[in-house]
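Residue numbers (the numbering used here): 1081 to 1187. The C-beta atom is built at its ideal place from N, Cα and C for all residues, glycine as well. Here the structure is a predicted model, which means the values were calculated and not measured. Written below as structure tokens is the structure these notes are about.
This is the structure in structure tokens:
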């Protein structure tokens, strides 16, 4: 579920990770934390950065960009989404923690 929301954020925000990406990631983290079983909360909550890595890898492979041979090009492809998306990823983890706390308290 979270992968779909992160992917939609990357698709709708094009090459620049901005507030549209952030909204998708935060909503995705909240929905994923709300729908997962209680035992899976501790896997879903820290997942947004890992899911972003997977989504950027898939996007790069889909575009068939020749970055896999050169370390500089690989870093140039993968670093901007993390640098520009860091506040959104941190907020998504915060939302996941908030949902987890609410779910644990209600139990």
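Beta-carbon separation (whole angstroms), residue 1121 vs residue 1180, contact threshold 8 Å: Here residue 1121 refers to the residue found at position 41 of the chain shown. Here residue 1180 refers to the residue found at position 100 of the chain shown. The C-beta distance from residue 1121 to residue 1180 rounds to 5 Å, short enough to meet the 8 Å contact threshold.
Measuring only the C-alpha atoms, how far is residue 1091 from residue 1178? On the chain shown, residue 1091 is found 11 positions in, with the first residue counted as 1. On the chain shown, residue 1178 is found 98 positions in, with the first residue counted as 1. Distance between the alpha carbons of residue 1091 and residue 1178 is about 27 Å.
Looking at the structure shown, is residue 1146 part of a helix, part of a strand, or coil, going by DSSP? The residue you call residue 1146 lines up with position 66 of the chain shown. In this structure, residue 1146 counts as coil in the three-state DSSP scheme.
Note down the Cα distance separating residue 1146 from residue 1169, rounded to an integer number of angstroms. Counted from its first residue, the chain shown places residue 1146 at position 66. Counted from its first residue, the chain shown places residue 1169 at position 89. Residue 1169 has its alpha-carbon roughly 27 Å from the corresponding atom of residue 1146.
Classify residue 1160 as helix, strand or coil using the three-state DSSP reduction. What you label residue 1160 is simply residue 80 of the chain shown in a count that begins at 1. Here residue 1160 sits in helix by DSSP.
From what residue to what residue does the alpha helix (DSSP H) around residue 1110 run? As a position in the chain shown, residue 1110 is number 30, starting the count at 1. Taken as a continuous stretch (DSSP letters only), the alpha helix (DSSP H) holding residue 1110 covers 1099 to 1115.
For residue 1081, which residues of its own chain have a beta-carbon under 8 Å away from its beta-carbon, when the five flanking residues on both sides are left out? In the chain shown, counting from the first residue as 1, residue 1081 sits at position 1. Only 1108, 1111, 1112 and 1115 meet the Cβ criterion.
Count the other CB atoms, across all protein chains shown, that sit within 10 Å of the CB of residue 1118; report buried if there are 16 or more and exposed otherwise. Start at 1 with the first residue of the chain shown, and residue 1118 comes out as number 38. With fewer than 16 other Cβ atoms from the protein chains shown falling within 10 Å of its own Cβ, residue 1118 counts as exposed.
Unbroken alpha helix (DSSP H) run spanning residue 1125, endpoints: For the purposes of this step, residue 1125 is taken as the residue at position 45 of the chain shown. Segment: none, residue 1125 is in no alpha helix (DSSP H) and carries neither H nor E.
What is the C-beta distance between residue 1158 and residue 1136, in whole angstroms, given that I count them as a contact (C-beta under 8 Å)? In the chain shown, the residue the question calls residue 1158 occupies position 78. In the chain shown, the residue the question calls residue 1136 occupies position 56. Indeed they touch by this definition, with Cβ atoms about 6 Å apart.
Should residue 1128 be labelled buried (16 or more other beta-carbon atoms within 10 Å of its own) or exposed? Residue numbering aside, residue 1128 sits at position 48 when the chain shown is read from its first letter. Its Cβ being crowded by 16 or more others within 10 Å, residue 1128 is buried.
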